[in-house]
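Student: If you read the protein sequences in the order shown, they are chains E and D. Mapping of the first sequence onto this note's numbering: residues 1 to 124, in sequence order. Mapping of the second sequence onto this note's numbering: residues 1001 to 1124, in sequence order.
2 protein chains.
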Amino acid sequence: MRIGELSRQTGASVRSLRHYEEKGLLTASRLESGYRDYNALAVDQVKTIRFYLSLGFTTEQIASFLTCVMMNKEAFCQQILPIYEQKLKELDEQIVLLSGIRANLTERITSIWAEAEPKGSREE
Amino acid sequence: MRIGELSRQTGASVRSLRHYEEKGLLTASRLESGYRDYNALAVDQVKTIRFYLSLGFTTEQIASFLTCVMMNKEAFCQQILPIYEQKLKELDEQIVLLSGIRANLTERITSIWAEAEPKGSREE
DNA sequence: CTTGACTCTGACACTAATGTCAGGGTTTAT
DNA sequence: ATAAACCCTGACATTAGTGTCAGAGTCAAG
């Protein structure tokens, strides 16, 4: 199939599909016209790519394990583990950071409310 | 004081100080030479700017309430409230998103371990 | 007077996936 | 045959703060 059809079947924009190819995540043979020609497996592959992107992996990271994942069950690809654990570490750090900011912000909001409406005071 | 001194006293790079000025967060008079000349209040102001940046506000957002905050207690600046609440909403969305990804990832890691070391194996 | 530290403006780089445009070739349907 | 729809490459923009460089002017100390 050509790139427009693959785009429709996967939800990825044509631009993105070309980008995945540029990053080594997706390959296509070429028709005589120079148009990309994808086989049916490409649909699954693109969906897999987009799934990992949604988990926050970069195309470079995905490239490092995608071949294995497409050929085996994910659980069979040992090289994916350190990448997952690295990502998990980043996520935890990020969540801690955001939670700290959130706490600070909440406290500030509370203070402003307290200042605006001190007990017993009434403003119009 | 000149920009290098302000940089030393605040920890902000010279580049950043010029950027804050460009974004309307910081003003300086000019010496005959064209050099920026900051007064002593600038130190506090820059520290305040950096604090709000660390909370994740953009220079544009900070610009909208910095003048009030520098002249009053923060709690006195009513216009800051909707911005705080907007930020809080974004933080919550972000934390929920990351937590979801984290859960997914944790599950995957567990699966891989299970596959690699099937104890009490219920393996086919 | 010279050297070195300081400052100025302006510009490009970076992250990373995606949008969008330009200018041109191909396929398909009428 | 012609128009519409499709595809190609290449390039620049986006976010937002910061790093870094170039080329030039200023200032203080020897």
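In this text, a Cβ means the ideal position worked out from N, Cα and C, and glycines have one as well. Just so you know, these numbers come straight off a predicted model, no measurement behind them.
Name the chain E residues that come within less than 8 Å of LYS1087(D), Cβ to Cβ?
Tutor: LEU105
Student: List the residues of chain D that GLN94(E) touches, going by C-beta distances under 7 Å, in chain order.
Tutor: LEU1098
Student: Which first and last residues belong to the alpha helix (DSSP H) in which MET71(E) is found?
Tutor: 59 to 71
Student: Could you list which residues in chain D have their beta carbon closer than 9 Å to that of GLU75(E), in chain order?
Tutor: Correcting the residue type first, residue 75(E) is Ala in the shown sequence and not Glu. ARG1108, SER1111, ILE1112, TRP1113, ALA1114, GLU1115 and ALA1116, listed in chain order.
Student: When you compare only the Cα positions, how much space is there between ALA63(E) and TYR38(E)?
Tutor: As the crow flies, the alpha-carbon of ALA63(E) is around 18 Å from that of TYR38(E).
Student: Would you be able to state if there are at least three C-beta pairs under 8 Å between the region 94 to 111 of chain E and the region 1002 to 1011 of chain D?
Tutor: Look at the beta carbons and you see the region 1002 to 1011 of chain D not touching the region 94 to 111 of chain E: under three pairs across the two are nearer than 8 Å.
Student: Is the CB-CB distance between ALA42(E) and LEU26(E) below 8 Å?
Tutor: yes
Student: Leaving aside the five residues before and after GLN1061(D) along the sequence, list all residues of the same chain whose C-beta is less than 7 Å from its C-beta, in chain order.
Tutor: ILE1083
Student: To which residues of the same chain is ASN72(E) closer than 7 Å at the C-beta, ignoring the five residues directly before and after it?
Tutor: none
Student: Taking the alpha helix (DSSP H) that GLY100(E) falls in, what are its first and last residues?
Tutor: 80 to 116
Student: If we define contact as Cβ-Cβ less than 8 Å, is LEU1081(D) a contact residue for chain E?
Tutor: Against chain E, the CB of LEU1081(D) has a partner CB under 8 Å away; the residue lies at that interface.
Student: Any beta carbon of chain E sitting closer than 8 Å to that of TYR1035(D)?
Tutor: no
Student: If you draw a straight line from the alpha carbon of PRO1118(D) to that of SER1111(D), how long is it in whole angstroms?
Tutor: 10 Å
Student: If you count every other CB in all the chains shown that lies within 10 Å of the CB of ASN104(E), and 16 or more means buried, which is it?
Tutor: exposed
Student: Do you know how far the Cα of GLU1022(D) is from the Cα of LEU1066(D)?
Tutor: Spanning the two alpha carbons is a distance of roughly 15 Å.
Student: Suppose you measure from the CA of ILE3(E) to the CA of LEU53(E); what does that come to, to the nearest Å?
Tutor: 20 Å
Student: Under 7 Å Cβ to Cβ from ARG1036(D), same chain only, skipping five residues before and after it: list those, please.
Tutor: ARG1002, ILE1003, ALA1028 and ARG1030
Student: With distances taken between CB atoms, is the gap from LEU91(E) to ILE1109(D) smaller than 8 Å?
Tutor: no
Student: Checking contacts by CB at 8 Å: is GLY1004(D) closer than that to chain E?
Tutor: no
Student: For SER13(E), which three-state DSSP category applies?
Tutor: coil
Student: If the criterion is Cβ atoms closer than 8 Å, does the pair GLU93(E) and PHE1076(D) meet it?
Tutor: no
Student: SER7(E) to GLN1086(D), Cα distance in whole Å?
Tutor: 35 Å
Student: Rounded to whole angstroms, what is the Cα-Cα separation between ALA1040(D) and VAL1046(D)?
Tutor: 11 Å
Student: On the criterion of 16 or more Cβ atoms from any shown chain inside 10 Å, does ARG1122(D) qualify as buried, or is it exposed?
Tutor: Low confidence applies to ARG1122(D): its pLDDT is 49, below 50, so where it sits in the model is not reliable, and the reading given next is rough at best. The residue in question, ARG1122(D), is exposed, as its Cβ has fewer than 16 Cβ neighbours within 10 Å.
Student: Grab me the residues of CYS1068(D)'s own chain with a C-beta within less than 8 Å of its C-beta, minus the 5 sequence neighbours each way, in chain order.
Tutor: PHE1076, CYS1077, GLN1079 and ILE1080
Student: Consider the Cβ of LEU55(E): report whether some Cβ of chain D lies at a distance smaller than 8 Å.
Tutor: Chain D, which has a Cβ nearer than 8 Å to the Cβ of LEU55(E), makes this yes.
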